[in-house]
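> Residue numbers (the UniProt record's numbering), protein chains in the order written: chain F, 1 to 190; chain E, 1 to 190.
Heads up, the beta-carbon is just placed ideally off N, CA and C, and yes, glycines get one too.
Protein chains: 2
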Amino acid sequence: MSRWEPNTRERLLDAALELFGERGYDSVTVAEIAERAGLTKRTFFRHFTDKREVLFAGQEVLSRVFAGAIAAAPASATPAEAVGSALAAAAAEFGPERQERGRRVQAVVAGHSDLRERGLLKRATLTAAMAGALRERGVRDPAAALAAEIGGLAFWTAFARWTATGNEREFAALAAEALEELLAATATLD
Amino acid sequence: MSRWEPNTRERLLDAALELFGERGYDSVTVAEIAERAGLTKRTFFRHFTDKREVLFAGQEVLSRVFAGAIAAAPASATPAEAVGSALAAAAAEFGPERQERGRRVQAVVAGHSDLRERGLLKRATLTAAMAGALRERGVRDPAAALAAEIGGLAFWTAFARWTATGNEREFAALAAEALEELLAATATLD
Numbered sequence: 001m002s003r004w005e006p007n008t009r010e011r012l013l014d015a016a017l018e019l020f021g022e023r024g025y026d027s028v029t030v031a032e033i034a035e036r037a038g039l040t041k042r043t044f045f046r047h048f049t050d051k052r053e054v055l056f057a058g059q060e061v062l063s064r065v066f067a068g069a070i071a072a073a074p075a076s077a078t079p080a081e082a083v084g085s086a087l088a089a090a091a092a093e094f095g096p097e098r099q100e101r102g103r104r105v106q107a108v109v110a111g112h113s114d115l116r117e118r119g120l121l122k123r124a125t126l127t128a129a130m131a132g133a134l135r136e137r138g139v140r141d142p143a144a145a146l147a148a149e150i151g152g153l154a155f156w157t158a159f160a161r162w163t164a165t166g167n168e169r170e171f172a173a174l175a176a177e178a179l180e181e182l183l184a185a186t187a188t189l190d
Numbered sequence: 001m002s003r004w005e006p007n008t009r010e011r012l013l014d015a016a017l018e019l020f021g022e023r024g025y026d027s028v029t030v031a032e033i034a035e036r037a038g039l040t041k042r043t044f045f046r047h048f049t050d051k052r053e054v055l056f057a058g059q060e061v062l063s064r065v066f067a068g069a070i071a072a073a074p075a076s077a078t079p080a081e082a083v084g085s086a087l088a089a090a091a092a093e094f095g096p097e098r099q100e101r102g103r104r105v106q107a108v109v110a111g112h113s114d115l116r117e118r119g120l121l122k123r124a125t126l127t128a129a130m131a132g133a134l135r136e137r138g139v140r141d142p143a144a145a146l147a148a149e150i151g152g153l154a155f156w157t158a159f160a161r162w163t164a165t166g167n168e169r170e171f172a173a174l175a176a177e178a179l180e181e182l183l184a185a186t187a188t189l190d
């Protein structure tokens, strides 16, 4: 296959998920993942630093989508509205085929403490991307940090509900709802 | 020295900070840290899984202090008040000698990306401890998750201000102020 083929990261992720499903996460090597994807080990390492990273392939894209949408929100948008537009933009990435993939990734991550740790780190990275984009818009701290944390909580809540067994609602609606719930909860803390 | 001597973790941290200051974080080994503290490598590994962990020695204690204070807050306390009592309880741990140690830990962590990553993970662990203790009190999500995030932001903001060069204010006052600022900011998001 051509080394210029697009979606190399997703092909590697899908190959990894296949192999993890067949033989378990621990016993699969990077070389095997690359081979299953019809790529070389060297190509794998051009995209990911280690086997764990392939499971978080989508999150770098997501950080850019979040930050881009916050930057592009109208100047009149409040911090909450800017975060809402980030979640709406992310929703475009979450079609039906991503849902099944998301479920499989979550199942692997949930079973390994070092993967759960890496996941926490990725969450912090996403939140930092949103906070940075809000500050670029002139939102001051602590509002920028707070709005970003709320955006992160809304995103992960929506993602968990979207990938839950039996869910038939779309990501966009779940994300908007989770954000509304969190903004409403700010009034119940004191 | 007796293996029953208290504060083994702090002795190891102080020995590590001395050595990191003399020769840099990268070139110091676990065996050297243990030796400087008058302990064995085996004792080091009874307390920490690796060299990085010694820098975060205080954070496990902190998780327990936070969770304990939230559990002990009066039944009538709001989520914000319970988080406030956690910050006040943590303040008891932050006397003048911890301030200098905190500065030195921060300087080492800031210079190494893998330590910054570990630090993010530790933050997530602290926040999760607060959220869990709030849920135990009957605070429902998303308020529990939100109050814990705000508590975490208040804590880290206060810690940064407390260890900043020239600061003369006490941790307790800085933490209460940071929490107030964050609670006030919840009203500015929309």
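1) Would you list, in sequence order, the uninterrupted beta strand (DSSP E) runs of no fewer than 3 residues that lie entirely inside the region 45-76 of chain F?
2) Mark R3(F) as exposed unless 16 or more other C-beta atoms lie within 10 angstroms of its C-beta, in which case mark it buried.
3) My output table needs one value for T165(E): the three-state DSSP class, helix, strand or coil.
4) When Cβ atoms are compared, which residues of the region 74-90 of chain E fall closer than 9 Å to chain F?
5) Looking at chain E, is there any beta carbon in it that lies within less than 7 Å of the beta carbon of M1(F)?
6) Whose C-beta lies closer than 6 Å to the C-beta of A129(E) among residues of the same chain, with five residues either side of it excluded?
7) By the criterion of Cβ-Cβ separation under 7 Å, what are the contact partners of A53(E) in chain F?
8) Consult DSSP for L19(F) and reduce its assignment to one of helix, strand or coil.
9) Does DSSP put R123(E) in a helix, in a strand, or in coil?
10) Between E180(E) and chain F, is any beta-carbon pair separated by less than 7 Å?
11) Per DSSP, what kind of secondary structure is P79(E) in: helix, strand or coil?
12) Taking Cβ to Cβ, would you say L189(F) is nearer than 7 Å to A80(E)?
13) Report back the beta-carbon spacing between L153(E) and L179(F) to the nearest angstrom; my notes put them in contact at under 8 Å.
14) For A143(F), go through chain E and note every residue whose CB falls closer than 8 Å to its CB, in chain order.
15) What would DSSP say about S113(F), mapped onto helix, strand or coil?
16) May I have the straight-line CA-CA distance separating E177(F) from N167(E), to the nearest angstrom?
17) Helix or strand or just coil, what does DSSP make of S27(E)?
18) Can you find at least 3 beta carbon pairs, one from the region 35-42 of chain E and one from the region 90-109 of chain E, that sit closer than 8 Å?
19) Between E10(F) and chain E, is any beta-carbon pair separated by less than 7 Å?
20) Out of curiosity, what's the CA-to-CA distance linking A89(F) and A82(F)?
21) Specify the secondary structure class of P96(E) as computed by DSSP and reduced to three states.
22) With a 10 Å radius around its C-beta and 16 neighbouring C-beta atoms as the bar for buried, classify A114(F) as buried or exposed.
23) By alpha-carbon positions, which one of G21(E), A175(E), H47(E) and S27(E) ends up nearest to T8(E)?
24) When the Cα atoms are used, what is the spatial distance from G111(F) to S27(F)?
25) For A73(F), which residues of its own chain have a beta-carbon under 6 Å away from its beta-carbon, when the five flanking residues on both sides are left out?
26) When Cβ atoms are compared, which residues of the region 146-170 of chain E fall closer than 8 Å to chain F?
27) Within the same chain, show all residues whose beta-carbon is closer than 7 Å to that of T163(E), passing over the 5 residues directly before and after it, in chain order.
28) Drop a sphere of 10 angstroms on the beta-carbon of T29(F), count the other beta-carbons inside from all chains shown, and report buried for 16 or more, exposed for fewer.
29) Can the beta-carbon of A16(E) be found less than 7 Å from the beta-carbon of V61(E)?
30) According to DSSP, is G84(F) part of a helix, a strand, or is it coil?
31) Which residue from E22(E), L182(E) and D14(E) puts its Cα closest to that of A144(F)?
32) At a Cβ threshold of 7 Å, is E136(E) touching chain F?
33) Chain E partners of L121(F), CB-CB under 7 Å?
34) Might you give, ordered along the chain, the residues of its own chain that have their beta carbon closer than 8 Å to the beta carbon of D50(E), omitting 5 neighbours on each side?
35) Between which two residues does the alpha helix (DSSP H) harbouring L39(F) extend?
36) Does the beta carbon of A133(E) sit closer than 7 Å to a beta carbon anywhere in chain F?
So, from the data block:
1) As far as the region 45-76 of chain F is concerned, it has no whole beta strand (DSSP E) run of at least 3 residues.
2) Note on R3(F): pLDDT 49, under 50, position unreliable in the model; the coordinate value appears next. Per the 10 Å Cβ criterion, exposed.
3) Here T165(E) sits in coil by DSSP.
4) If the cut-off is 9 Å between Cβ atoms, the region 74-90 of chain E has T78, P79, A80, E81 and V83 near chain F.
5) Its pLDDT being 44, under 50, M1(F) is placed unreliably in this model, and the value from its coordinates should be taken loosely. No, because no Cβ of chain E sits closer than 7 Å to the Cβ of M1(F).
6) Result list for A129(E): S63, F66 and A67, in chain order.
7) Note that residue 53(E) is Glu in the sequence shown here, rather than Ala. Those within 7 Å of E53(E) in chain F number zero; the least Cβ separation is about 12 Å.
8) Taken through DSSP and simplified to helix, strand or coil, L19(F) comes out as helix.
9) When secondary structure is reduced to three states using DSSP, R123(E) falls in the helix class.
10) No, E180(E) lies away from the interface with chain F (no Cβ there is under 7 Å from its Cβ).
11) In this structure, P79(E) counts as helix in the three-state DSSP scheme.
12) Contact: yes.
13) Incorrect: roughly 18 Å between the Cβ atoms, too far for contact.
14) Those within 8 Å of A143(F) in chain E are A185, T188 and L189.
15) Residue state for S113(F) is assigned as helix, using DSSP reduced to three classes.
16) Rounded to the nearest angstrom, the two C-alpha atoms are 42 Å apart.
17) Correct three-state label for S27(E): coil.
18) The answer is no - the region 90-109 of chain E does not touch the region 35-42 of chain E, with fewer than three Cβ pairs under 8 Å.
19) Not one chain E Cβ lies under 7 Å of E10(F).
20) Their Cα atoms are separated by approximately 11 Å.
21) In this structure, P96(E) counts as helix in the three-state DSSP scheme.
22) For the record, residue 114(F) in the displayed sequence is Asp; it is not Ala. Answer is exposed; the Cβ neighbour count stays below 16.
23) For the set G21(E), A175(E), H47(E) and S27(E), the Cα lying nearest the Cα of T8(E) is the one of H47(E).
24) Each residue's Cα considered, the two are about 14 Å apart.
25) Excluding its 5 nearest sequence neighbours in each direction, A73(F) has C-beta neighbours in its own chain below 6 Å: A82 and S85, listed in chain order.
26) Result list: L146, A147, E149, I150, L153 and T157.
27) Within the same chain, and ignoring the five residues on either side of T163(E) in sequence, the residues whose Cβ sits closer than 7 Å to its Cβ are Q99, G102, R103 and Q106.
28) Exposed: under 16 other Cβ atoms inside 10 Å.
29) For A16(E) and V61(E), no; Cβs fall outside 7 Å.
30) It is helical.
31) Out of E22(E), L182(E) and D14(E), the CA that lies nearest to the CA of A144(F) is found in L182(E).
32) Taking Cβ atoms only, chain F never reaches closer than 7 Å to E136(E), which makes this a no.
33) Within chain E, E117, L120 and L121 have C-beta atoms less than 7 Å from the C-beta of L121(F), given in sequence order.
34) Once the five neighbours on either side are set aside, the close Cβ partners of D50(E) are V30.
35) From DSSP, L39(F) is part of no alpha helix (DSSP H); its letter is neither H nor E.
36) Interface criterion not met: the Cβ of A133(E) is under 7 Å from no Cβ in chain F.
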